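Accompanying notes for the structure given below.
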Amino acid sequence: MNRKWLQQEGQTWTQKGIITSDQLQRILALYPEQKRAIGIIPLLGSILVGLGILSFVAANWQQIPQLIRLLIIGLAMIGFYTSGETFRRRGHDKLGVALIGLGLLTFGAGIVLIGQMFHLQAYDVTSFIVWGTAGLLLTWLIKSRYLFIITLLIFTCLQWYNSTELNRFSFIAFAIMVVGLGYYWLKRPNTLLAWLLAASFTIQSILLVTVHDWAFSWFFIPVWLLYTAMDWTRERKSVYPFQAIPLIAAFVHNLFIVLFWNDSNDSSFLKDLSAQPAWFVLALVVLFALSLAGKYRRGRLASGVDWILALPFFYLAHGADAAYLITLFLFSLYLLWRGYAEEWAVKINLGTILFLTSTMAAYGKLAWDFMDKSIFFIIGGILLLALSWFLNRRKKQFLTELHDEEEHRHED
Amino acid sequence: MKTDNRLKRSGSFWLIVLVVMQLLFLTGIVLFHYSALWVGKEIRLQTTPVDPRDQLYGDYVQLNYKINNANWSMWKDAEHKAERGDTVYVLLQENGSGGFYEIKGVYPSKPSHASGEVLLKGRVQYANDETIRIHYGLEQYYVAENTGKSLEDRARSGDLVVDVKTAPWGSTVIERIEP
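Quick mapping for you: the protein sequence lines, in order, are chains A and B.
Counting in full-length UniProt numbering, the first sequence runs from 1 upward without gaps.
Counting in full-length UniProt numbering, the second sequence runs from 1 upward without gaps.
Next up, the structure:
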């Protein structure tokens, strides 16, 4: 809600006699006009100047004496931070935070450039962890989503570099990120940040498992742990990405098995995937129980159906793909049903996509081998079109009904 | 408004602390490496031809040292074999002819060493049946773009001598490259 909206709507209210124009003025006085954000032109100008200086320095970097290089890095960093803080104090919050972000990036660039000065290859990620921690502290200090995202990127990239180049996983970096940014999120819940944090958590879980050459299914323990933890939070509105990403990961995993495995295959594929049954199943059951307990406390026991995606069918000697296919269908239908019941468009849309994906997977699996390929694609396309037409019509009907209902309610 | 300003001011104080810490950190790394150049012990290392597959053309020259490859006979742990990603300690000893330093032993943990010997920390790049491939973080030498051609050719044929300085606290830096 902004002031402009209030001004426009307020006029209608006075016309209808709900409030007097004097009252409107008093209400408006409660929301003073915000200082105008700095115009886009000076912002673009400063970006261009910055890029120019950057490319000049980069082009002549090798010719510049070492001491001067260090001075340039230090001064650039101080310059960005100081100007950012100055702008922030004057009320230009966005520009100020953007400059502070540049200061943080300069710090990272400084670490890399100093390494180059001494002809050193990045050998471990300790200095990058220091960089990420600086970002974390800045995020806490300035309370900015923008800095949160930069920090998240630093931690994700350093873990990526660590595992792909150095074949290691830094538990310290992972812990700092999860605790620092996770706690920040709990204090200031936000949907976008939840999506990003959950995605990074999931990517790093994959890296953790691949770096150590563990059976791939171990990946699901941290992922379902994330899911379970979120059953215990009080925040509901913007917490759902933390559960959506684990569910998507599990869905994709099951879909993958459906598509690329069948009974005639060599079963070593599934064996490579499977963790030791006893420990894995035990861990999964503990998480499941905790999750249900959390759901029960919050009165959302129905969403326990989510867990059908976690069923470890990869232990089956036969028919794992068929079993997974059934879970895909059940889950997407369940999601559609919940979407309509909760009147929540996000769930309806996601359910639609997943249902179509499951249908296509089933169709591809059944028909690919014995059908002429052109007929395969034509029939597949028609199937897809028909289904999406049907589901969309259903959704539109539903949403109009919902709309009408609300109108009626307002008129009453 | 007043509390808001006060909040912002205390925020500024912590921001200054944070920026100063970042500056100190950068200065710290610089001093850590400079210290090796100032007080470190100089060792000469011989290069060998670079595996052409390793070539990554860019603004640096790839160096391949003789000490990058260690024979399994140098490995000083009977129980475990070195694996990719392991941190190892390589004991170097001056060889009589030419004054080059060569591998005396590769250890999984820090061994004690005599005054004439030098200990470098390295990381196992890979280990096959014949050798352990160890990187020290000294394998890249940054040069101005497009000027490193002759140096690169010589690095590839492996007739460069590299002077490295190493300080007892673990900082090791290339001092110069000799023909």
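Glycine included, each C-beta is placed from N, C-alpha and C at the ideal position.
Because the structure is a prediction, the values reported are computed rather than measured.
Using 8 Å for Cβ pairs, my map puts residue 343(A) next to residue 402(A). What's the rounded Cβ distance? Their Cβ separation, rounded to whole angstroms, is 6 Å, which keeps residue 343(A) and residue 402(A) in contact under 8 Å.
### Query
What alpha helix (DSSP H) runs, 4 residues minimum, are completely inside the region 91-170 of chain B?
149-157
Closest Cα partner of residue 260(B) within the set 79(A), 192(A), 68(A) and 337(A) | Only positions 1 to 179 of chain B appear in this structure, which leaves residue 260(B) out of reach.
Subject >> Assigned exposure category for residue 139(A) - 16 Cβ within 10 Å defines buried >> reply: buried
Got a sec: which bits of the region 97-110 of chain A sit with their beta carbon under 7 Å from any beta carbon on chain B, in order along the chain? 107 and 110
| Smallest Cα separation from residue 112(B): which of 122(B), 92(B), 100(B) and 96(B)? | Among 122(B), 92(B), 100(B) and 96(B), the Cα nearest to that of residue 112(B) belongs to 92(B).
Would you identify the three-state DSSP class for residue 55(B), choosing helix, strand or coil? Caution applies to residue 55(B), whose pLDDT of 49 falls short of 50 and renders its modelled position unreliable; the value that the coordinates give is listed next. Coil at residue 55(B), not helix or strand.
Margin query: Between residue 85(B) and chain A, is any beta-carbon pair separated by less than 8 Å?
Written below: yes
Mind reading off the beta-carbon distance from residue 100(A) to residue 154(A)? Whole number of angstroms is fine, and I expect it under 8 Å.
The Cβ separation is near 14 Å, so there is no contact.
| Roughly how many angstroms separate the alpha carbons of residue 209(A) and residue 400(A), rounded to a whole number? | 47 Å
Short-range partners of chain A found in the region 18-38 of chain B, where Cβ spacing is below 7 Å: For the region 18-38 of chain B, which is checked against every Cβ of chain A, the residues closer than 7 Å are 18, 19, 22, 23, 25, 26, 29, 30 and 33.
Query - Pairwise C-alpha distance: residue 369(A) and residue 124(B) - result: If I take the Cα positions, the gap works out to 47 Å.
Next on the checklist: Between residue 12(B) and chain A, is the shortest Cβ-Cβ distance under 8 Å, so that the two count as touching?
Outcome noted: yes
### Message
Tell me which residue opens and which closes the alpha helix (DSSP H) that residue 9(A) is part of.
### Response
That run of the alpha helix (DSSP H) goes 3-15.
**Study point:** Alpha-carbon to alpha-carbon, residue 111(A) and residue 152(B)
**Key:** 26 Å
> Straight-line CA distance for residue 82(B) to residue 157(A)?
Replying inline: 28 Å
- Message: To the nearest angstrom, how far is the alpha carbon of residue 416(A) from that of residue 363(A)?
- Response: Summary: the structure shown does not reach residue 416(A), with chain A confined to residues 1 through 412, and so no result is reported for it.
Using a C-beta cutoff of 8 Å, does residue 140(B) count as contacting chain A? Yes, residue 140(B) lies at the interface with chain A (some Cβ there is under 8 Å from its Cβ).
### Task
Using a Cβ-Cβ cut-off of 8 Å, state whether residue 254(A) counts as contacting chain B.
no
Of all the options 161(B), 96(B), 45(B) and 11(B), which has the alpha carbon lying nearest to the alpha carbon of residue 88(A)? 11(B)
request  = Put residue 175(B) into one of helix, strand or coil per three-state DSSP.
outcome  = strand
Worksheet item: By the 10 Å Cβ neighbour count, where 16 or more other Cβ atoms means buried, how is residue 56(B) classified, buried or exposed?
Response: In this prediction, residue 56(B) scores a pLDDT of 48, lower than 50, which makes its location untrustworthy; the coordinate-derived value is nonetheless stated afterwards. Exposed, since its Cβ has fewer than 16 Cβ neighbours within 10 Å.
Please give me, in chain order, every unbroken run of the alpha helix (DSSP H) with length at least 4 that falls completely inside the region 182-264 of chain A.
191-211, 220-229 and 240-260
DSSP puts residue 423(A) in a beta bridge; with which residues?
The structure shown does not extend to residue 423(A), since chain A is modelled only from 1 through 412, so no value can be given for it.
Item to complete: On a CA-only basis, which of 49(B), 122(B), 176(B) and 169(B) is nearest residue 29(B)? Give me that one, please.
Response: 169(B)
_Taking the straight line between their C-alpha atoms, what separation do you get for residue 54(B) and residue 62(B)?_
Model confidence at residue 54(B) stands at a pLDDT of 48, short of 50, so the residue's coordinates are unreliable; what they give is reported in the following sentence. Across the structure, residue 54(B) and residue 62(B) are spaced so that their CA atoms are roughly 8 Å apart.
- [ ] Pick helix, strand or coil for residue 47(B), following the three-state DSSP scheme.
- [x] Under the three-state reduction of DSSP, residue 47(B) is assigned to strand.
Discussion item. Tell me the rounded alpha-carbon separation between residue 131(A) and residue 30(A).
Written reply: 42 Å
- Query: Quick one: is residue 277(A) buried, meaning 16 or more other Cβ sit within 10 Å of its Cβ, or exposed?
  - Reply: exposed
Compute the Euclidean distance between the alpha carbons of residue 167(B) and residue 20(B), then round it to the nearest angstrom. 27 Å
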